[in-house]
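Residues 18 to 371 (the numbering used here) make up the sequence shown, in order.
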Amino acid sequence: MSNNKAILFEKRGRCGLVTLNRPRALNALSYPMIAQMEEHYVDWAGDADVYGVVLEAAPGRAFCSGGDLKALYEWRREGNTGAIFENYTSEYQHNWTLDRFIKPHVSLMDGFVFGGGVGISLYGTHKVAGENYRFAMPETAIGFFPDVGATWFLPRMPGRIGLYLALTGNRIDRADAYELGLLTHCIDAHEFDAIRAAMCEADPIDPVLDERHVDPGASALLQLREEIDRHFAGDSVEEILSSLEGATGPHAEWARETAVKMRRNSPLSLKVAYWQIRRSPSPALEDALELEGRIARHFLTGEEFYEGVRALLIDKDNSPKWSPSALEDISEEMVEAYFAPREEGAFKPINPFI
């Protein structure tokens, strides 16, 4: 294996192996990790001896909890905004590279798969979840917005489920994720060694995975589909909250708990995420990433994101001082500004294989 100990790369037999190796940090993605992944994927795409790639993580609670937000916060304190912008554009570029990567790509995921962890696993050909898999896009809780292509994949979910996940940041299990099309297979983690070995031998991967797939059971989330569609059909975040808080019947407690969760999140993030998901039909991934590069730059030049990181990850007081602090103080013009084109630092994905 080679390179940074936070991430391990190996060419074993006919397979490229990538192992996230920061279990104590929940395999949070740093900028060097992203840069090295991009370099290796481009190299392996042109290597005729490489049949495909396996992406996995060292044993622990997480496959990948997302980006290394503590590092970004420190860069902000140092005034190194250029590095922060480069981190995000590199991440979005790697998401696009994965989508364009034509060889078999098997993500073996067990534990947390949050935010940036979704971005490095979703766009490959095969997405395999172990029994402890948990998916979330929790960005509105830290004063940011669902990115890494969420503008593309969340609106494709049935009904209002994508909007629900964007605004709440709630976690779902593999039964839910499989029904939503986020996974291709559900395979218990003790089978991962055999899958990796088969990839290294260049065995046709589909039958290898198909024969190990297990029924994940019923989706608890989809059993709430009618409730989610009804409450999240509102024409604004305020209407959604009003519907949830006024709910009656057998799911009233769930509705109130959902509203409580949303009200903890950044009001600005909620409004931006709402329009991100609702403003138009799901765009092509390339266009989604370009838009997200634009939105990200607005957040990264403001204060909301860093206040969320401070409260949840640095000081850990869990009391972010959001600004504005109330939904009614956020105008349409304020939200629309996050979607406005910016000539400076504009991001556009590039296909590295042509």
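Glycine included, C-beta positions come from ideal geometry on N, C-alpha and C.
Simplified DSSP state of residue i, which is helix, strand or coil
| i | result |
| --- | --- |
| Thr265 | coil |
| Ala153 | strand |
| Val289 | helix |
| Gly84 | strand |
| Phe131 | strand |
| Val352 | helix |
| Ala235 | coil |
| Asp252 | coil |
| Ala158 | helix |
| Ile189 | strand |
| Leu139 | coil |
| Asn20 | With a pLDDT of 47 at Asn20, under the threshold of 50, the predicted position of this residue should be treated as unreliable, though the coordinate-derived value follows. Looking at Asn20 - three-state DSSP - the assignment turns out to be coil, as it is neither helix nor strand. |
| Leu46 | strand |
| Glu360 | coil |
| Leu344 | helix |
| Arg283 | Looking at the sequence provided, one finds Ser at residue 283 rather than Arg. The answer is coil: DSSP assigns Ser283 none of H, G, I, E or B. |
| Ala211 | helix |
| Asn104 | helix |
| Glu228 | coil |
| Phe370 | coil |
| Glu270 | helix |
| Phe118 | coil |
| Ser297 | coil |
| Leu2 | Since the first residue shown for the chain is 18 and the last is 371, residue 2 is missing from the structure and cannot be characterised. |
| Asp164 | coil |
| Asp246 | helix |
Residues sharing a beta bridge with residue i, DSSP
| i | result |
| --- | --- |
| Ala62 | BP columns for Ala62 are empty, so no partner. |
| Gly147 | Beta-bridge pairing links Gly147 to no other residue. |
| Gly33 | Lys28 and Val70 |
| Cys203 | Ala146 |
| Leu317 | For Leu317, which the question treats as bridged, DSSP gives no partner whatsoever. |
| Met126 | Ala146 |
| Ala79 | Phe129 |
Spatial neighbours of residue i in its chain, beta-carbon cut-off 7 Å, leaving aside the 5 residues before and after
| i | result |
| --- | --- |
| Met18 | In this prediction, Met18 has a pLDDT of 48, which is less than 50 and means its spatial position is unreliable; nothing more can be read from the coordinates. |
| Arg177 | Ile245, Asp246, Phe249 and Ala250 |
| Glu374 | Here the chain covers residues 18 to 371 and nothing more, so residue 374 does not appear. |
| Met351 | none |
| Asp190 | Tyr150 and Arg151 |
| Val225 | Ile212 and Ala215 |
| Met170 | First, the amino acid is wrong: residue 170 is Phe here, not Met. Excluding positions up to five away in sequence, the list reads Leu139. |
Local Cβ density within 10 Å of residue i, reported as buried at 16 or more and exposed below that
| i | result |
| --- | --- |
| Ala357 | exposed |
| Val289 | buried |
| Val70 | buried |
| Leu330 | exposed |
| Gly128 | buried |
| Ala237 | exposed |
| Arg359 | exposed |
| Val326 | buried |
| Arg151 | buried |
| Phe364 | buried |
| Ser342 | exposed |
| Gly422 | Any answer about residue 422 is impossible in this case: the structure gives the chain only from 18 up to 371. |
| Arg173 | exposed |
| Ser348 | exposed |
| Asn10 | No information on residue 10 is available, as it lies outside the stretch 18 to 371 that the chain covers here. |
Proximity below 7 Å, CB of residue i to CB of residue j
| i | j | result |
| --- | --- | --- |
| Leu118 | Gly362 | The amino acid at residue 118 is misidentified as Leu; the sequence shows Phe. No, these two residues do not count as a Cβ contact at 7 Å. |
| Gly166 | Leu302 | yes |
| Leu125 | Ala79 | no |
| Glu256 | Leu285 | no |
| Ala328 | Thr168 | no |
| Tyr90 | Arg31 | no |
| His202 | Val130 | no |
| Pro298 | Val59 | no |
| Leu115 | Gly84 | no |
| Ala183 | Pro155 | no |
| Arg93 | Tyr323 | yes |
| Gly179 | Ile51 | no |
| Val254 | Tyr291 | yes |
| Gly310 | Thr157 | no |
| Gly234 | Ala192 | yes |
| Arg188 | Ala153 | yes |
| Pro366 | Trp61 | no |
| Ile222 | Pro121 | yes |
| Pro40 | Ala88 | no |
| Glu148 | Asp232 | no |
| Gly186 | Leu46 | no |
| Tyr48 | Asn104 | yes |
Min CB distance residue i to chain C below 7 Å
| i | result |
| --- | --- |
| His111 | Structure shown: chain C not included; a single protein chain is present. |
Other residues of its chain near residue i: CB distance less than 6 Å, five sequence neighbours each side excluded
| i | result |
| --- | --- |
| Glu262 | Ala276 |
| Phe316 | Phe161 and Phe322 |
Contacting residues, own chain, Cβ-Cβ under 8 Å from residue i (five flanking each side not counted)
| i | result |
| --- | --- |
| Arg280 | Leu258 |
| Val35 | Ile24, Leu25, Phe26, Met54, His57, Val70, Val71, Leu72 and Glu73 |
| Ser138 | Leu72, Phe80, Cys81, Ser124, Met126, Val130 and Lys144 |
| Leu287 | Thr157, Leu184, Val254, Met279 and Leu344 |
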